[in-house]
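>
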Amino acid sequence: MQGLGTIVVQVLRFLLYVLVHMLIVSRLPSLFGVGWCFFYVGFLLFLPIATPIVALLVLSFATGFAMDLFYDTGGVHAAAAVLLGYLRPWVLRLLTPRDGYDAQDSVNIHQMGWQWYLVYTALLLVLHHTVFFFLELGSLRVVGLTLLKILVSTLFTGITLLIVQLVFFPARRRR
Numbered sequence: 089m090q091g092l093g094t095i096v097v098q099v100l101r102f103l104l105y106v107l108v109h110m111l112i113v114s115r116l117p118s119l120f121g122v123g124w125c126f127f128y129v130g131f132l133l134f135l136p137i138a139t140p141i142v143a144l145l146v147l148s149f150a151t152g153f154a155m156d157l158f159y160d161t162g163g164v165h166a167a168a169a170v171l172l173g174y175l176r177p178w179v180l181r182l183l184t185p186r187d188g189y190d191a192q193d194s195v196n197i198h199q200m201g202w203q204w205y206l207v208y209t210a211l212l213l214v215l216h217h218t219v220f221f222f223l224e225l226g227s228l229r230v231v232g233l234t235l236l237k238i239l240v241s242t243l244f245t246g247i248t249l250l251i252v253q254l255v256f257f258p259a260r261r262r263r
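For the sequence shown, position 11 matches number 99 in the numbering used here, and the numbering has no gaps at all.
Take a look at the structure:
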């Protein structure tokens with residue numbers, strides 16, 4: 089029954105992130121015309137560390153596809169989200185602590201610490217945003233503006249997800 093409970097919790101988290109993005113975040117103005125918040129990516133970033141790669145890729149596609157349907161973007165969100173889902177285990181391996189991860193660990197700033205969380209989030213957000221904006225552009229004509237969009241959107245999304253971590257993710261008390 090524990091497995092079913094975990095699945096139900098993740099489905100509810102998926103709905104929460106996607107609906108908050110669609111109903112609230114999508115209505116936010118852009119930052120200086122170059123920065124957008126990709127709030128839905130938080131669902132993929134904050135999944136439990138032990139999430140199997142197949143489930144991660146399916147969830148990544150479903151999340152990106154939902155955004156593509158909402159924005160009518162023809163697969164750009166899905167492609168960037170699937171790449172994020174594919175690279176997430178590599179980044180987690182790259183950042184593995186000396187003692188390794190516990191089976192029940194999740195991506196949580198309170199458990200992993202500020203430095204680990206910031207490196208993890210920055211790496212995956214930069215990769216996601218780079219793929220998204222270059223696929224959206226479809227060429228390398230306006231590289232400077234695209235790099236500015238990547239930088240500002242990464243900061244905007246990163247700060248938003250940091251606030252979500254600090255407010256909604258509980259600090260695990262150490263005994």
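By construction, the Cβ of each residue, glycine as well, lies at the ideal position given by its N, Cα and C atoms.
1) Please classify Ser194: does DSSP put it in a helix, a strand, or coil?
2) Could you check whether the region 165–173 touches the region 133–153, counting it as contact only if at least three pairs of C-beta atoms, one from each stretch, sit closer than 8 Å?
3) Could you name the residues that DSSP lists as bridge partners for Arg119?
4) Using only the alpha-carbon positions, how far apart do Val96 and Leu103 sit?
5) Quick one: measure Cβ to Cβ for Arg51 and Phe131, integer angstroms, because I've assumed they're closer than 8 Å.
6) Give the range of the alpha helix (DSSP H) segment to which Asp160 is assigned.
7) Taking the alpha-carbon positions, what's the Leu215 to Ile238 distance?
8) Can you tell me whether DSSP reads Arg263 as helix, strand or coil?
9) Measuring straight from C-alpha to C-alpha, what distance separates Gly162 and Gln199?
10) Taking buried to mean at least 16 other C-beta atoms within 10 Å of its own C-beta, is Leu111 buried or exposed?
11) Return the residue from the list Leu135, Pro117, Phe120 and Leu213 that minimises the CA-CA distance to Gln98.
12) Cα-Cα, which of Ser227, Trp202 and Gly152 is closest to Gly246?
13) Please state whether DSSP places Tyr105 in a helix, a strand or coil.
14) Checking the sheet assignment: what are the DSSP bridge partners for Pro136?
Well, looking at it:
1) Correct three-state label for Ser194: strand.
2) When Cβ pairs closer than 8 Å are counted between the two stretches, the region 165–173 is seen to touch the region 133–153, the count reaching three or more.
3) First, the amino acid is wrong: residue 119 is Leu here, not Arg. Looking at the DSSP assignment, Leu119 forms a beta bridge with Gly123.
4) If I take the Cα positions, the gap works out to 11 Å.
5) The structure shown has nothing for residue 51, since the chain only spans 89 to 263.
6) For Asp160, there is no enclosing alpha helix (DSSP H), since its DSSP letter is neither H nor E.
7) When the Cα atoms are used, Leu215 and Ile238 turn out to be separated by approximately 9 Å.
8) Its pLDDT being 42, under 50, Arg263 is placed unreliably in this model, and the value from its coordinates should be taken loosely. Arg263 falls in the coil class under three-state DSSP.
9) Rounded to whole angstroms, Gly162 and Gln199 show a C-alpha spacing of 37 Å.
10) The residue is exposed, with fewer than 16 neighbouring Cβ atoms inside 10 Å.
11) Looking from the CA of Gln98, the closest CA among Leu135, Pro117, Phe120 and Leu213 belongs to Leu135.
12) With distances taken between Cα atoms, Gly246 lies closest to Trp202.
13) Helix.
14) Under DSSP, the beta-bridge partners assigned to Pro136 are Ser194.
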